[in-house]
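Please read the structure below before turning to the comments.
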Amino acid sequence: MNGDEEIGSMLRAMDDAEPGVRLDDPRAAVLHARIMERAARRLAELRQQHTWWDYAASWSRAAVPVGVAASILAGALWYRLPVQSDTERAATTAAVGGDAAQRAVHVALAGGVSTEMLDSLVGPVTRDALVAQLLGGAR
Amino acid sequence: MSETSTGPNDQREAELDVAQAAVASEEAALVARVQRGDTAAFDVLVRRYLDRAYRVAYRLLQHREDAEDLVQDSFLRALDKIALCAPGRPFGPWFFRILVTQGMNARRRRTLRDMAPLTDAEPSNTDSPAMDAERSDDRHRIRSALAGLPKQQRLIVQLADIEGFSSLEIAAMLELAAGTVRWHLHHARAALRDVLVPSTGEAS
């Protein structure tokens, strides 16, 4: 046994005989219970954080395909919009200058606005009367 | 300590390394579970380190209740900071660093009741009164020699020679360079040897 080992074994022998340095079973059980009791709230918080994070992470996985789909849809809508807006622009221009209603009807009768659109605006029953009245007034 | 090991011990040390790596890997998994709030995983870690943590805390504070409070606070602090425990890192060294830092802070804050309040242990066996007296005398001499060391050297020699921590582990706990720890250890052992070895040689 070299000097260092001898010193070590003497220290350990002294230590074994020291009463306070060992945690006996009852005290260990009490201390363990105390730690676990006080840790419970923090562990619950960690579980909560983790649940939130899982939720966010699962959505992040879905976010890319949903984003791509949304972009395609938006592009398709954007492509279709100018076709409709020409007609609408003509109607709006007519409505702004002079006799707005008459010009709108002219535009409508010229085929720019569908009868379905007029039906949806004034109703099928009143449409003919409204058109007759407006055209009569114009004459 | 590995400093004294030679060739024949190499295989044993290699086996020890493998075992330590397995423990580290298992602990990393436990830490990952604790990070998700797993009570059972935290319970395993507490049970595994409770006894050793108490002994280190007792060496720092020299008082039972204070040591128990320190252990409790250190486990709770470790739980608070568990997100900072890097993935794959074993729990033990990281936890003991927290414990020792807290213990050193507590020691600085408090006016310690007495750094050497150690009473002699009760007679533990049925040896003759003369043998008991001799043992008690030896213990007293060792205790006095230990008490004569500077605080940090005393702690280092206790952590190394009694608790079995490596120089690297102690260096991490005390935030010192490993070389500094070895230097302290060398001087502490030399001082203890000067006091103890001649007298025990005479006794035996």
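Protein sequences appear in the order of chains Y and E.
The opening residue of the first sequence carries number 1 in the working numbering; numbering runs sequentially from there.
The opening residue of the second sequence carries number 1001 in the working numbering; numbering runs sequentially from there.
We treat Cβ as the ideally placed atom computed from N, Cα and C, and that holds for glycine.
Query raised in the report: Looking at the C-beta of residue 1031 of chain E, does it have a partner C-beta in chain Y at a distance below 8 Å?
Result: On the second sequence, position 31 is the one that residue 1031 of chain E refers to. It does not; no Cβ of chain Y falls within 8 Å.
Query raised in the report: If you follow the alpha helix (DSSP H) that residue 7 of chain Y is part of, which residue opens it and which one closes it?
Result: The residue you call residue 7 of chain Y lines up with position 7 of the first sequence. Note, residue 7 of chain Y: alpha helix (DSSP H), 3–16.
Report task. Can you give me the Cβ contacts of residue 1035 of chain E inside the same chain, cut-off strictly under 8 Å, excluding the 5 residues immediately before and after it? Result -> For the purposes of this step, residue 1035 of chain E is taken as residue 35 along the second sequence, with counting starting at 1. Here the set comprises 1082, 1083 and 1085.
Report task. For chain Y, find out if any of its Cβ atoms is closer than 8 Å to the Cβ of residue 1058 of chain E; answer yes or no. Result -> Within the second sequence, residue 1058 of chain E is the residue found at index 58, counting from 1. Closer than 8 Å to some Cβ of chain Y, the Cβ of residue 1058 of chain E qualifies, so yes.
Query raised in the report: Along the chain, which unbroken stretches of the alpha helix (DSSP H) at least 4 residues long are found entirely within the stretch 1026–1114 of chain E?
Result: 1039–1061, 1064–1080 and 1091–1109
Query raised in the report: Taking 7 Å as the cut-off, is the CB of residue 1091 of chain E close to at least one heavy atom of the ligand NAP?
Result: The model on display carries no ligand, and the ligand NAP is accordingly not part of it.
Query raised in the report: Which residues in the same chain have their Cβ closer than 7 Å to the Cβ of residue 1145 of chain E, if we skip the five residues on either side of it in sequence?
Result: By one-based count along the second sequence, residue 1145 of chain E stands at place 145. Answer for residue 1145 of chain E: 1192, 1195 and 1196, listed in chain order.
**Report entry** Pairwise C-alpha distance: residue 1167 of chain E and residue 1103 of chain E
**Finding:** For the purposes of this step, residue 1103 of chain E is taken as residue 103 along the second sequence, with counting starting at 1. For the purposes of this step, residue 1167 of chain E is taken as residue 167 along the second sequence, with counting starting at 1. The alpha-carbon atoms of residue 1103 of chain E and residue 1167 of chain E are separated by roughly 19 Å.
Query - Separation of residue 49 of chain Y from residue 1029 of chain E, as counted between CA atoms - result: Reading the second sequence from its first residue, position 29 is the one you call residue 1029 of chain E. Reading the first sequence from its first residue, position 49 is the one you call residue 49 of chain Y. Those two C-alpha atoms are separated by around 19 Å.
Query raised in the report: Touch check for the stretch 1176–1187 of chain E and the stretch 1138–1158 of chain E: three-plus C-beta pairs under 8 Å?
Result: yes
Query raised in the report: Are the stretch 20–34 of chain Y and the stretch 1042–1054 of chain E touching by the rule of at least three beta carbon pairs closer than 8 Å?
Result: yes
Requested in this report: For the alpha helix (DSSP H) holding residue 1158 of chain E, just list the boundary residues, first then last.
Outcome: In the second sequence, counting from the first residue as 1, residue 1158 of chain E sits at position 158. Note, residue 1158 of chain E: premise wrong, no alpha helix (DSSP H); not H, not E.
Requested in this report: Reducing DSSP to helix, strand and coil, say where residue 1175 of chain E ends up.
Outcome: For the purposes of this step, residue 1175 of chain E is taken as the residue at position 175 of the second sequence. Correct three-state label for residue 1175 of chain E: coil.
**Report entry** Own chain, CB closer than 6 Å to residue 1031 of chain E, minus 5 neighbours either side, in chain order
**Finding:** Counting from one through the second sequence, the residue named residue 1031 of chain E turns up at place 31. Excluding positions up to five away in sequence, the list reads 1085 and 1091.
Query - Distance between beta carbons of residue 1099 of chain E and residue 1074 of chain E, contact taken as under 8 Å - result: Counting from 1 along the second sequence, the entry for residue 1074 of chain E is found at position 74. Counting from 1 along the second sequence, the entry for residue 1099 of chain E is found at position 99. Indeed they touch by this definition, with Cβ atoms about 4 Å apart.
**Report entry** With 16 other Cβ atoms within 10 Å as the buried cut-off, status of residue 135 of chain Y
**Finding:** Within the first sequence, residue 135 of chain Y is the residue found at index 135, counting from 1. Counting Cβ neighbours within 10 Å, residue 135 of chain Y comes out exposed, since fewer than 16 surround it.
Query raised in the report: What is the rounded straight-line gap between the Cα of residue 1121 of chain E and the Cα of residue 1161 of chain E?
Result: Within the second sequence, numbered from 1, the residue matching residue 1121 of chain E stands at position 121. Within the second sequence, numbered from 1, the residue matching residue 1161 of chain E stands at position 161. In this predicted model, residue 1121 of chain E has a pLDDT of only 40, less than 50, meaning its place in the structure is not dependable; the value taken from the coordinates is given anyway. Their Cα atoms are separated by approximately 20 Å.
Report task. Starting from the C-beta of residue 36 of chain Y, find all residues in its chain whose C-beta is less than 8 Å away, skip the five residues before and the five after it, and write them out in chain order. Result -> On the first sequence, residue 36 of chain Y is found 36 positions in, with the first residue counted as 1. Contacts found: none.
Report task. Determine, using beta carbons only, whether residue 15 of chain Y comes closer than 8 Å to chain E. Result -> Within the first sequence, the letter at position 15 stands for residue 15 of chain Y. It does: the Cβ of residue 15 of chain Y has a partner Cβ on chain E nearer than 8 Å.
Query raised in the report: If you drop the 5 nearest sequence neighbours on each side, which residues of the same chain put their C-beta closer than 7 Å to that of residue 1107 of chain E?
Result: Taking the second sequence and counting its residues from 1, the one referred to as residue 1107 of chain E is at position 107. Same-chain partners within the cutoff: 1060 and 1061.
Query - Three-state secondary structure (DSSP) of residue 1126 of chain E - result: For this step, residue 1126 of chain E is matched to residue 126 along the second sequence. Summary for residue 1126 of chain E: the model assigns pLDDT 46, below 50, so the residue's position carries little reliability; its value from the coordinates is reported in the next sentence. Three-state DSSP puts residue 1126 of chain E in coil, outside helix and strand.
**Report entry** Residues from the stretch 1165–1194 of chain E in contact with chain Y, defined by Cβ distance under 7 Å
**Finding:** 1189, 1192 and 1193
Requested in this report: Would you tell me roughly how many angstroms separate the C-alpha atoms of residue 13 of chain Y and residue 1072 of chain E, rounded to the nearest one?
Outcome: Within the first sequence, the letter at position 13 stands for residue 13 of chain Y. Within the second sequence, the letter at position 72 stands for residue 1072 of chain E. About 28 Å.
Requested in this report: Return the Cβ separation of residue 1172 of chain E and residue 1097 of chain E in integer angstroms, given the expectation that the two are a contact with Cβ distance under 8 Å.
Outcome: By one-based count along the second sequence, residue 1172 of chain E stands at place 172. By one-based count along the second sequence, residue 1097 of chain E stands at place 97. That belief holds up - the Cβ atoms of residue 1172 of chain E and residue 1097 of chain E are roughly 6 Å apart, short of 8 Å.
Requested in this report: Report the neighbours of residue 1156 of chain E on chain B: residues whose CB is nearer than 9 Å to its CB, in chain order.
Outcome: Note that chain B does not occur in the displayed structure, where the protein chains are Y and E.
Query raised in the report: Hey, residue 1189 of chain E and residue 4 of chain Y: beta-carbon distance below 8 Å or not?
Result: The residue you call residue 1189 of chain E lines up with position 189 of the second sequence. The residue you call residue 4 of chain Y lines up with position 4 of the first sequence. Yes.
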